[in-house]
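J.: Take this structure, written in C-alpha cells, and hold onto it; I'll ask about it next.
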Amino acid sequence: MVELGYTLSSEEHPPDDLVGHAVGAERAGFEHALISDHYHPWVERQDEAPFAWSVLGAVARETDDLRVGTGVTCPFQRYHPAVVAQAGATVADMFDGRFFLGVGTGENLNEHVTGERWPPFDVRAERLEESVEAIRELWRGEHVTYRGDRVTVEDARLFTLPDDPPPIFVSGTGPKSAAMAGEIGDGLISTAPVAEFVDRFRQRGGGPRYGQLTVCYADDEGDARETALEHWPNGASPGSVNWELRTPRDIEGAVERVDEEVIAEEVVCGPDADDHVEAIEAFVDAGFDHVYVHQVGPDQTGCFEFYESEILPSFE
C-alpha cells in the first residue's frame, strides 16, 4: 500500500498561498506534504522563492494531521548545520510529531549565494554526512562541540526541542546518494521511480521511501502541456544541469529547446485518471511506499478536487 502526499512548490507560489495549499491538501485527503527549500526558483518565470522555514511555522498552525517535511534542505552551505538543527527542532516542536527533516547535497542554484566555492559531489556527500551527525547530536539537548573534517560546531546547545527528535530523510537521486541515504538517514526521498535507488537504500539501511511525481492536471491535455512547459521546463533537464548551474537564467538557457512533446514525456499532463494512477503505480512497483504529487502551475484547487474524487480512492 502507498500513502499519497503533496508538494508545496516554493518556486512557484508565494508564502500565504503555500499555507493555503497545505490546508487544501489535508482537506482533500493527502496525508503528508514536502516543501522545497530554495533561494532561487529554477527559472525566472516561476517567480517565487520564499523562506521555507517561515512557511513551515504557519503550516504547523493551520493544519491538524498533515505530516510535513522539507523536500529537501541542504544543511551545510547556505545554512550551517547548527542553524538547521535549531530550525528543525523549533518547527518539530510546533508540529508536535508531524515534522520530518529532508536533507540532501544541494544545488549550486541555491548554495552559491554565500560566495563559498561549490564543491564536487564527493565533498558535498562528506559534508552532508557530518552535518547529519552534528544535527542528531544537537537534538539530544546537550552541549555539543563537533569537529569533523568538513563541519565544525563549537560549544552549542539547543534549548527549544520537541519531545522526540524528528526523523531525517535523505535525498537519493542516484546510486551513490541512495546508498548514503541508507547509511545515514531514517528514510529515502527521490524524484524518479527507479528500483535501483530503493535497492541501494535498503541494502544499507531501511525506512520509508518517498518519491515525487510531477503532474499538471487540467481539464484539457493541451492546456496542461502548455502550462507545464511555461511553468516547469526544467522538468525535462538532466540532473547534472539542476545541480551545477548557478542561476535561473542559466537553467533557462539549458532548456530553451524543450517543447510540449518533451515536457509531456516527463510530466503527467491532463485529466486522464488512468495516466495519474499508472504513474503512481510505477513508484510503487519500484519499491516506494510514499508518493507526493507536484502539481505544476497555478491551478492547485483543481488538482485537489481531481485527486480527491478520481485518484485517492484508488489507493485507499
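The sequence shown begins at 433 in the numbering used here and counts up one residue at a time. The beta carbon of each residue, even a glycine, is placed where N, CA and C say it ideally should be.
#1: By the 10 Å Cβ neighbour count, where 16 or more other Cβ atoms means buried, how is residue 513 classified, buried or exposed?
#2: Whose C-alpha, out of 592, 465, 445, 446, is nearest the C-alpha of residue 454?
#3: May I ask you to report which of helix, strand or coil DSSP gives residue 581?
#4: According to the Cβ coordinates, are residue 544 and residue 678 closer than 8 Å?
#5: Which residue wins for smallest C-alpha separation from residue 647, given the options 606, 724, 746?
#6: Which stretch, first to last residue, makes up the alpha helix (DSSP H) that contains residue 713?
#7: Would you mind listing the beta strand (DSSP E) stretches within the region 599-665 that are 3+ residues and don't spill past its ends, in chain order?
#8: Classify residue 738 as buried or exposed, calling it buried when 16 or more other Cβ atoms lie within 10 Å of its own Cβ.
#9: Check whether the Cβ atoms of residue 440 and residue 747 lie closer than 8 Å to each other.
#10: Rounded C-beta distance between residue 537 and residue 609? I'm assuming under 8 Å.
#11: I'd like to confirm the pairing. Which residues does DSSP put opposite residue 701 in its beta bridges?
#12: So residue 601 and residue 617 are in contact, right, with Cβ under 8 Å, and what is the actual spacing, rounded?
#13: Over the uninterrupted alpha helix (DSSP H) stretch that includes residue 546, give me the two end residues.
#14: Can you check whether the CB of residue 706 is closer than 8 Å to the CB of residue 700?
#15: On the premise that residue 632 lies in contact with residue 719, defined as a C-beta separation below 8 Å, what is that separation, rounded to the nearest angstrom?
#16: Can you find the residues in the same chain that come closer than 7 Å, C-beta to C-beta, to residue 550, ignoring five residues on each side of it along the sequence?
#17: For residue 445, does the count of other Cβ atoms within 10 angstroms reach 16, so buried, or fall short, so exposed?
#18: Would you tell me roughly how many angstroms separate the C-alpha atoms of residue 736 and residue 463, rounded to the nearest one?
#19: Check the C-beta distance from residue 576 over to residue 563 and give it rounded, since I have them as a contact under 8 Å.
#20: My guess is that residue 698 and residue 667 are in contact by the Cβ rule of under 8 Å, so how many angstroms apart are they, rounded?
#21: Considering only DSSP beta bridges, list what residue 435 is partnered with.
#22: Cβ atoms of residue 716 and residue 743: under 8 Å apart, would you say?
#23: Considering only residues of the same chain and omitting the five flanking positions on each side of residue 660, which have a CB-CB separation below 6 Å?
#24: Helix, strand or coil for residue 501, going by three-state DSSP, please let me know.
#25: Distance check for residue 722 and residue 578, CA to CA, integer angstroms please.
#26: Secondary structure at residue 727, three-state DSSP: helix, strand or coil?
#27: Comparing C-alpha positions only, which one of 554, 629, 703, 520 sits nearest to residue 598?
T.: Well, looking at it:
#1: The residue given as residue 513 occupies position 81 in the sequence shown. The residue in question, residue 513, is buried, as its Cβ has 16 or more Cβ neighbours within 10 Å.
#2: Counting from 1 along the sequence shown, the entry for residue 454 is found at position 22. Per the Cα distances, 465.
#3: Locating residue 581 in the sequence shown gives position 149, counting from the first residue. Looking at residue 581 - three-state DSSP - the assignment turns out to be coil, as it is neither helix nor strand.
#4: Here residue 544 is taken as the residue at index 112 of the sequence shown, counted from 1. Here residue 678 is taken as the residue at index 246 of the sequence shown, counted from 1. For residue 544 and residue 678, yes; Cβs fall inside 8 Å.
#5: Taking the first residue of the sequence shown as position 1, residue 647 is located at position 215. Closest option to residue 647, Cα to Cα, is 724.
#6: To locate residue 713, count along the sequence shown from 1; it is residue 281. Start and end: 705-718.
#7: 600-603, 619-622, 641-648
#8: Along the sequence shown, read from residue 1 onward, the residue named residue 738 stands at position 306. Result: buried.
#9: Looking up residue 440 in the sequence shown gives position 8. Looking up residue 747 in the sequence shown gives position 315. It is not a contact, given that the beta carbons lie outside the stated cut-off.
#10: Along the sequence shown, one-based indexing puts residue 537 at 105. Along the sequence shown, one-based indexing puts residue 609 at 177. Residue 537 to residue 609, Cβ: 7 Å. Contact.
#11: Along the sequence shown, one-based indexing puts residue 701 at 269. Beta-bridge pairing links residue 701 to 648.
#12: As a first step, residue 601 is located in the sequence shown; it is residue number 169 there, counting from the start. As a first step, residue 617 is located in the sequence shown; it is residue number 185 there, counting from the start. 6 Å between Cβ atoms; contact.
#13: Here residue 546 refers to the residue found at position 114 of the sequence shown. Run containing residue 546: none; DSSP gives neither H nor E here.
#14: Counting from one through the sequence shown, the residue named residue 700 turns up at place 268. Counting from one through the sequence shown, the residue named residue 706 turns up at place 274. The answer is no: Cβ separation not under 8 Å.
#15: Translated into the one-based positions of the sequence shown, residue 719 becomes position 287. Translated into the one-based positions of the sequence shown, residue 632 becomes position 200. About 11 Å separates the two Cβ atoms, so there is no contact after all.
#16: Reading the sequence shown from its first residue, position 118 is the one you call residue 550. Counting only Cβ-Cβ distances below 7 Å, and skipping sequence neighbours, we find 540, 543, 544.
#17: Here the question's residue 445 lines up with position 13 in the sequence shown. The residue is buried, with at least 16 neighbouring Cβ atoms inside 10 Å.
#18: Here residue 736 refers to the residue found at position 304 when the sequence shown is read from its first residue. Here residue 463 refers to the residue found at position 31 when the sequence shown is read from its first residue. Residue 736 and residue 463: Cα-Cα distance of roughly 13 Å.
#19: Taking the first residue of the sequence shown as 1, we reach residue 576 at position 144. Taking the first residue of the sequence shown as 1, we reach residue 563 at position 131. Incorrect: roughly 13 Å between the Cβ atoms, too far for contact.
#20: For the purposes of this step, residue 698 is taken as residue 266 along the sequence shown, with counting starting at 1. For the purposes of this step, residue 667 is taken as residue 235 along the sequence shown, with counting starting at 1. Confirmed, Cβ separation roughly 5 Å.
#21: The residue given as residue 435 occupies position 3 in the sequence shown. Answer is 722.
#22: Numbered from 1 along the sequence shown, position 311 holds the residue referred to as residue 743. Numbered from 1 along the sequence shown, position 284 holds the residue referred to as residue 716. Not a contact, by the Cβ cut-off of 8 Å.
#23: Taking the first residue of the sequence shown as position 1, residue 660 is located at position 228. Only 648, 695, 699, 701, 728 meet the Cβ criterion.
#24: Position 69 of the sequence shown holds residue 501. Strand, per DSSP.
#25: One-based indexing of the sequence shown puts residue 578 at position 146. One-based indexing of the sequence shown puts residue 722 at position 290. The alpha-carbon atoms of residue 578 and residue 722 are separated by roughly 34 Å.
#26: Your numbering for residue 727 matches position 295 in the sequence shown. In the structure shown, residue 727 sits in a strand (DSSP, three-state: E or B).
#27: Working through the sequence shown from its first residue, we reach residue 598 at position 166. Comparing Cα-Cα distances from residue 598 to each of 554, 629, 703, 520, the minimum goes to 520.
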